[in-house]
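Q: Under numbering that gives the first Met the number 0, think of the first position of the sequence shown as 0, with each following residue one higher. Beta carbons: idealized from backbone N, C-alpha and C, even for Gly. A quick note: this is a predicted structure, and the numbers were derived from the prediction, not measured.
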Amino acid sequence: MRALVQRVKRCSVTIDGKLQSSIETGILILLGIKNGDTESAAEYLAERCSSLRIFEDEAGKMNLSVQEVKRRSHGSFAVYALR
């Protein structure tokens, strides 16, 4: 299992010209899964991705995780899986 994580100001998924999902400030994760990957590995990876401190705090330091950004902005998560 591999994940490419990108911090975004806004992001959307469009399929056949139709908007499927969109988010404001958050993270975009491109995830590769293969046969044999386990649910526990997915849970571990999800926890790691959501706790990455890749957002700026009030002092301009990269010190906030997406969980903290979500709490501060009362935001929501959008999840879309392509199969």
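#1: At what residues does the alpha helix (DSSP H) containing Leu-105 begin and finish?
#2: Cα-Cα, which of Ser-39, Glu-57 and Arg-6 is closest to Leu-29?
#3: Within 10 angstroms of its Cβ, does Ile-14 collect 16 or more other Cβ (buried), or is it exposed?
#4: With distances taken between CB atoms, is the gap from Ile-22 to Arg-9 smaller than 8 Å?
#5: In whole angstroms, give me the CA-to-CA distance for Gly-31 and Gln-19.
A: Walking through what the data contain:
#1: What the structure shows of the chain is the stretch from 0 to 82, and residue 105 is not part of that stretch, so it cannot be assessed.
#2: Arg-6
#3: exposed
#4: yes
#5: 20 Å
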